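Asker:
Numbering (my numbering), first residue to last: 419 to 588.
#1: Does the beta-carbon distance from residue 568 to residue 541 come in below 9 Å?
#2: For the candidate residues 451, 581, 564, whose alpha-carbon lies nearest to that of residue 529?
#3: Assuming contact is defined by CB atoms lying nearer than 9 Å, are residue 470 and residue 461 in contact in what I supplied?
#4: Using only alpha-carbon positions, find the residue among 522, 571, 502, 566 that is nearest to residue 467.
#5: Thinking just about the alpha-carbon of each residue, which of 451, 464, 450, 577 is nearest to the one in residue 520?
#6: Where does residue 479 land, buried or exposed, given buried means 16+ other C-beta within 10 angstroms?
#7: Determine the direct distance from the alpha carbon of residue 494 to that of residue 583, and round the result to whole angstroms.
#8: Between residue 533 and residue 560, is the Cβ-Cβ spacing less than 9 Å?
#9: Using a Cβ-Cβ cutoff of less than 7 Å, which residues in the same chain neighbour residue 490 once the five nearest sequence positions on both sides are dropped?
#10: Tell me the rounded alpha-carbon separation between residue 573 and residue 562.
#11: Residue 552 and residue 545 look like a contact to me (Cβ under 8 Å); what is the Cβ gap, rounded to whole Å?
#12: Cα separation between residue 451 and residue 502?
#13: For residue 477, which three-state DSSP category applies?
#14: Out of 539, 576, 577, 484, which has the shortest C-alpha to C-alpha gap to residue 459?
#15: Reducing DSSP to helix, strand and coil, say where residue 584 ends up.
#16: Just grab the DSSP bridge partners of residue 492 for me.
#17: Mind checking who residue 484 pairs with in its DSSP beta bridge?
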């Protein structure tokens, strides 16, 4: 329970940090970053490379940096909170990311997608009203058909879009 609270708190701090960039600036900076993210996603799926895909996932050190910036909230428990977060990240978050990647590959193959030949067509981001999260939809083509990867949550961290394990093939 304690670990879940710490993880929830760290993720809340991450999401809250998105408000430090004005929306107009975020859109301008995010356009190029969004294109880079989409290209990397497509490349990772073309190569069926979990390692390539994992570069789009926020590193635990990124979350640690956010926790350190908000150290006053943790008081004397910052190091313990970072350790708990890292343990949960390693045991739950990373395996979920791995599983979602493998699942999308398998679903795509069943749907007739030749992953090695996919081509990026478009990427769009949608900020959810009342929430601090943004979803992303990457449209790509394979064998003359269009498909989409919908990321339920993405994060704009350090000038780059990061994906989460919340992805589905449409």
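Positions of the beta carbon are idealized from the N, C-alpha and C atoms, including for glycine. What you are looking at is a predicted structure, and each value in this text was computed from that prediction instead of being measured.
Answerer: The structure says:
#1: Contact check for residue 568 against residue 541 fails: the beta carbons are separated by 9 Å or more.
#2: For residue 529, the closest alpha carbon among the candidates 451, 581, 564 is that of 564.
#3: In this structure, residue 461 lies closer than 9 Å to residue 470 by Cβ.
#4: From the listed residues 522, 571, 502, 566, the smallest Cα separation to residue 467 is found for 522.
#5: If we check each option's Cα against that of residue 520, 464 comes out closest.
#6: By the neighbour-count criterion, in which 16 or more other beta carbons inside 10 Å mark a residue as buried, residue 479 falls on the exposed side.
#7: One C-alpha to the other measures close to 31 Å.
#8: Against a cut-off of 9 Å, the Cβ pair of residue 560 and residue 533 comes out as a contact.
#9: Cβ neighbours of residue 490 within its own chain (closer than 7 Å, five residues either side excluded): none.
#10: Rounded to the nearest angstrom, the two C-alpha atoms are 31 Å apart.
#11: That belief holds up - the Cβ atoms of residue 552 and residue 545 are roughly 5 Å apart, short of 8 Å.
#12: C-alpha separation (whole angstroms): 31 Å.
#13: In the structure shown, residue 477 sits in coil (DSSP, three-state: anything other than H, G, I, E or B).
#14: The shortest Cα separation from residue 459 among 539, 576, 577, 484 belongs to 539.
#15: Coil, per DSSP.
#16: Per DSSP, none; premise fails for residue 492.
#17: Partner(s): none; residue 484 has no beta bridge.
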